[in-house]
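Undergrad: The structure under discussion is supplied below as structure tokens; questions concerning it will follow.
Protein chains: 2
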Amino acid sequence: MRKRTDPSLLLDEQLCFALYAASRRMTAAYRPLLDALGLTYPQYLVMLVLWERDALTVRELGERLQLDSGTLTPLLKRLEQAGLVGRRRRQSDEREVEITLTQAGDNLRERAAEVPRCMADRLCMSVDAFRHLRDELKTLASQLASPQDPRE
Amino acid sequence: MRKRTDPSLLLDEQLCFALYAASRRMTAAYRPLLDALGLTYPQYLVMLVLWERDALTVRELGERLQLDSGTLTPLLKRLEQAGLVGRRRRQSDEREVEITLTQAGDNLRERAAEVPRCMADRLCMSVDAFRHLRDELKTLASQLASPQDPRE
DNA sequence: AAAATTTATATTGTGCACAATTAAATTTGA
DNA sequence: TCAAATTTAATTGTGCACAATATAAATTTT
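These protein sequence lines map, in sequence, to chains A and B. Just so you know, we're using my numbering here: the first sequence kicks off at 13 and counts up by one. Just so you know, we're using my numbering here: the second sequence kicks off at 13 and counts up by one.
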């Protein structure tokens, strides 16, 4: 029984730690770029979704980003305070809160356009390698969706 | 100027989001397994490091996991409360706090041995695919280390 | 050796994540 | 039709992450 050398519990062998460490480094790499826009990384993701399609509900944003209202509600209130989005109940269904870009929120897209360019420079990856890794991660994420969870 | 269809700002094109989403799903997949051990995911990582090599300082744990004292100090206090580790200043250098496994912390390793097995079943990946993705993520993380940062 | 600097940890404050609960609006179905 | 079930957000509470600062111990400089 050589417990100490059981490789399955070694940190450097873990896929989960490589993923966790890479994800935090990625967020850290975005930080200076997003600071310049006055956004945090999760706020940037919300803005990406809204730039793609405006006037989504909290639920729709949550489905897209896989985040619940416990995370989104305070985040969206901060974006509202920053003047980037508006929040109002839909008259068609008062349970739903519709999030819309303000003019400032819409304008920010142009300044944000440089963010992916800066990151591409930073990564020094071929377009193929980039896509391949991204798609491997998407596959991994769907593999990890809990069976009884209808998220996908 | 077709702003709306600029692909560089589409959420589904982003490597960063694929990474962020996969990392959160991975943590979520560990949660039920770690709940059974009374650990959170970051606490599990700390235990992995200590099972590999006991009696590390907070700084050494932080270097291994890339976490600072603001994260580790309260986490380690919770592990201490749970009876899994001890914390004491080193007599050789009173600035350093040495973290050691208690008997309970050491014993937990045997129960933790099933965690990687369960996750391997869940992932349904070949050993080669697993290693390849893990090593790609390690390469990505080093690529993202800030130039002036001596972390690697 | 005293002063300045460096190092190690802790503390404070902000912002996620996520589980659990609550409250209100809507839908369903007996 | 109206009570029960469902849906949508918000709230509460815990535990990370991480920046900034504080504090104390050790080391280096003068």
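Glycine included, C-beta positions come from ideal geometry on N, C-alpha and C.
Return the Cβ separation of B/Leu148 and A/Leu145 in integer angstroms, given the expectation that the two are a contact with Cβ distance under 8 Å.
TA: As a first step, residue 148 of chain B is located in the second sequence; it is residue number 136 there, counting from the start. As a first step, residue 145 of chain A is located in the first sequence; it is residue number 133 there, counting from the start. It is Glu, not Leu, that sits at residue 148 of chain B in the sequence shown. So it is a contact: roughly 6 Å between Cβ atoms.
Undergrad: When you compare each of A/Leu96, A/Ala40, A/Glu64, A/Thr69 to A/Thr114 by their alpha carbons, which one comes out closest?
TA: Translated into positions along the first sequence, residue 114 of chain A becomes position 102. The option with the nearest alpha carbon to A/Thr114 is A/Leu96.
Undergrad: Here's the rule I'm using: 16 or more other beta-carbon atoms within 10 Å means buried, otherwise exposed. How should B/Val139 be labelled?
TA: Position 127 of the second sequence, counted from the start, is the residue given in the question as residue 139 of chain B. It is exposed - the Cβ of B/Val139 has fewer than 16 other Cβ atoms within 10 Å.
Undergrad: Just to confirm my understanding: we take B/Leu152, look at its own chain, exclude 5 residues before and 5 after, and list those with CB closer than 7 Å. What are they?
TA: If you number the second sequence from 1, residue 152 of chain B lands on position 140. Correct list: empty, nothing qualifies.
Undergrad: Could you compute how far the alpha carbon of B/Ala40 sits from the alpha carbon of A/Arg71?
TA: Within the second sequence, numbered from 1, the residue matching residue 40 of chain B stands at position 28. Within the first sequence, numbered from 1, the residue matching residue 71 of chain A stands at position 59. Straight-line Cα distance between these residues: approximately 20 Å.
Undergrad: Grab the span of the beta strand (DSSP E) containing A/Gly98 for me, first residue to last.
TA: Locating residue 98 of chain A in the first sequence gives position 86, where the first residue counts as 1. Per DSSP, A/Gly98 belongs to the beta strand (DSSP E) from 97 to 101.
Undergrad: For A/Arg129, count neighbouring Cβ atoms within 10 angstroms of its own Cβ and tell me buried if that reaches 16, exposed if not.
TA: Here residue 129 of chain A corresponds to residue number 117 of the first sequence, with the count starting at 1. Answer is exposed; the Cβ neighbour count stays below 16.
Undergrad: Counting only beta-carbon atoms, is B/Gln55 nearer than 7 Å to chain A?
TA: As a position in the second sequence, residue 55 of chain B is number 43, starting the count at 1. No, B/Gln55 lies away from the interface with chain A (no Cβ there is under 7 Å from its Cβ).
Undergrad: Nearest chain B C-beta to A/Leu152 closer than 7 Å, yes or no?
TA: For the purposes of this step, residue 152 of chain A is taken as the residue at position 140 of the first sequence. A/Leu152 counts as touching chain B.
Undergrad: For B/Leu22, which of A/Arg107, A/Leu68, A/Leu156, A/Val61 has the nearest alpha-carbon?
TA: For this step, residue 22 of chain B is matched to residue 10 along the second sequence. Of the listed residues, the one whose Cα sits closest to B/Leu22 is A/Val61.
Undergrad: For the structure I just gave you, are there three or more beta carbon pairs, one from the region 18 to 37 of chain A and one from the region 52 to 61 of chain A, closer than 8 Å?
TA: The region 18 to 37 of chain A vs the region 52 to 61 of chain A: no contact.
Undergrad: Please classify A/Pro162 as buried or exposed, where buried requires at least 16 neighbouring CB atoms within 10 angstroms.
TA: For the purposes of this step, residue 162 of chain A is taken as residue 150 along the first sequence, with counting starting at 1. Only weak support exists for where A/Pro162 lies, its pLDDT of 49 falling under 50; the value from the coordinates is given anyway. A/Pro162 is exposed by the Cβ-count criterion.
Undergrad: Residues of chain B with CB closer than 7 Å to the CB of A/Leu27, please, in chain order.
TA: The residue you call residue 27 of chain A lines up with position 15 of the first sequence. The contacting residues are Phe142, Leu145, Arg146.
Undergrad: With burial defined as no fewer than 16 other Cβ atoms inside 10 Å of the residue's Cβ, what is the status of A/Gln26: buried or exposed?
TA: Reading the first sequence from its first residue, position 14 is the one you call residue 26 of chain A. Buried is the call here.
Undergrad: My understanding is that A/Arg101 touches A/Glu108, with C-beta atoms under 8 Å, so please give their C-beta distance in whole angstroms.
TA: Looking up residue 101 of chain A in the first sequence gives position 89. Looking up residue 108 of chain A in the first sequence gives position 96. Yes, they are in contact, since the Cβ atoms of A/Arg101 and A/Glu108 sit about 7 Å apart, within 8 Å.
Undergrad: For A/Leu45, which residues of its own chain have a beta-carbon under 7 Å away from its beta-carbon, when the five flanking residues on both sides are left out?
TA: In the first sequence, the residue the question calls residue 45 of chain A occupies position 33. So the list reads Val127, Cys130, once near-sequence residues are dropped.
Undergrad: Cβ closer than 7 Å: which chain B residues qualify as neighbours of A/Ala34?
TA: Numbered from its first residue, the first sequence carries residue 34 of chain A at position 22. Leu31, Leu149, Leu152, Ala153, listed in chain order.
Undergrad: In the region 29 to 117 of chain B, which residue ranges form an unbroken beta strand (DSSP E) of at least 3 residues, counting only runs that do not cross its ends?
TA: List check, beta strand (DSSP E) in window: 97 to 101, 109 to 113.
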